[in-house]
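Per the numbering used here, the sequence shown starts with residue 8, numbered consecutively. Backbone N, C-alpha and C define an ideal beta-carbon position, used for all residues, glycine too.
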Amino acid sequence: QGLPPRSIVEILLAHYRERGEASLDGLTGAFAVVLFDPANQLAAIARDGMGNHALAYCLTAGELVSSPDEAVVSSATGVPGPLCALRLAEFYGFEELSGPSTFFSNVQALLPGEMIVLQAGKVRRRWLTRPRLDARRERARWEEYVEEFAELLSAGVRRCLGGVERVGVLMSGGLDSTPIAALAARH
8 QGLPPRSIVE ILLAHYRERG EASLDGLTGA FAVVLFDPAN QLAAIARDGM
58 GNHALAYCLT AGELVSSPDE AVVSSATGVP GPLCALRLAE FYGFEELSGP
108 STFFSNVQAL LPGEMIVLQA GKVRRRWLTR PRLDARRERA RWEEYVEEFA
158 ELLSAGVRRC LGGVERVGVL MSGGLDSTPI AALAARH
């Protein structure tokens with residue numbers, strides 16, 4: 008909704024106090040969440056169902072270490088793990104980097120929509136409610152789809168600008184950079 012980050016955190020905390028870890032079910036948009044609740048001896052990490060934000064982790068001896076940067080997780084464990092030969096082969100072979108493996112053998116990637124909860128020394132894994140990709144709004148005319156897309160794109164650019172006065176846009180020559188730059192100039 009274009010809220011400042013502090014407001015988003017406050018809203019998430021209020022939902023967590025009300026619903027516990029279930030508060031993350033049904034969240035939409037891009038997110039990676041790290042939650043620590045000492046009163047309930049709970050630590051949890053979760054990632055949005057579309058996988059927009061990376062989150063790496065390591066579980067060792069009842070500890071959960073997490074960061075968007077897998078190298079940070081590897082070094083934070085005290086003993087950086089060896090490199091993962093399979094992941095390196097995939098990367099240098101231009102293969103799809105899929106699954107939970109990372110470049111470090113002691114670090115895993117949280118999968119899109121996955122949640123890991125560490126509570127009182129026990130680990131639970133579960134999946135967050137996934138967004139419905141089959142939901143479709145029916146419009147009477149093709150032009151209504153175009154108009155709605157234009158409104159959503161404009162609102163998205165406006166939200167990303169967040170009141171910033173000077174903006175730079177990388178012009179890749181693709182289909183999206185030109186309209187984004189034009190909308191940014193308008194807002």
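Give the secondary structure of arginine 24 by DSSP, where H, G and I count as helix, E and B as strand, and everything else as coil. Residue 24 sits at position 17 when you count from the first residue of the sequence shown. In the three-state DSSP reduction, arginine 24 falls in the helix class (H, G or I).
Less than 8 Å between the CB atoms is what I'm expecting for aspartate 55 and proline 119, so what's the real figure, rounded? Position 48 of the sequence shown holds residue 55. Position 112 of the sequence shown holds residue 119. In this structure, aspartate 55 and proline 119 form a Cβ contact; the two beta carbons are roughly 7 Å apart against a cut-off of 8 Å.
Spatial neighbours of arginine 131 within its chain, please: CB distance less than 7 Å, with the 5 preceding and 5 following residues excluded, ordered by chain position. Numbered from its first residue, the sequence shown carries residue 131 at position 124. Excluding sequence neighbours, arginine 131 sits near Val124.
Quick one: residues in its chain with C-beta nearer than 6 Å to the C-beta of asparagine 59, no 5 flanking neighbours on either side, listed in chain order? Within the sequence shown, numbered from 1, the residue matching residue 59 stands at position 52. Hits under 6 Å: Ala37.
So, at 6 Å on beta carbons, what are the nonlocal neighbours of valine 114 in its own chain, with the 5 sequence-adjacent residues on each side left out? Sequence index remark: in the sequence shown, residue 114 carries index 107 (1-based). Result list for valine 114: Ala63, Cys65, Glu77, Val80 and Ser81, in chain order.
Report yes if the CB atom of valine 72 is closer than 8 Å to the CB atom of alanine 61, and no otherwise. Translated into the one-based positions of the sequence shown, residue 72 becomes position 65. Translated into the one-based positions of the sequence shown, residue 61 becomes position 54. Contact: no.
So what does DSSP say about cysteine 91, is it helix, strand or coil? As a position in the sequence shown, residue 91 is number 84, starting the count at 1. The three-state reading of DSSP puts cysteine 91 in coil, since its state is none of H, G, I, E or B.
Go through the segment 61-86 residue by residue and report every complete run of the alpha helix (DSSP H) that reaches 4 residues or more, in order. The alpha helix (DSSP H) runs of length 4 or more contained entirely in the segment 61-86 are, from start to end of the chain, 77-83.
First through last residue of the alpha helix (DSSP H) which encompasses phenylalanine 156: As a working note, residue 156 is residue 149 in the sequence shown. Looking at the DSSP string, the run of the alpha helix (DSSP H) that includes phenylalanine 156 is 149-168.
Arginine 133 lies in the beta strand (DSSP E); which residues open and close that run? Residue 133 sits at position 126 when you count from the first residue of the sequence shown. For arginine 133, the uninterrupted beta strand (DSSP E) segment begins and ends at 129-134.
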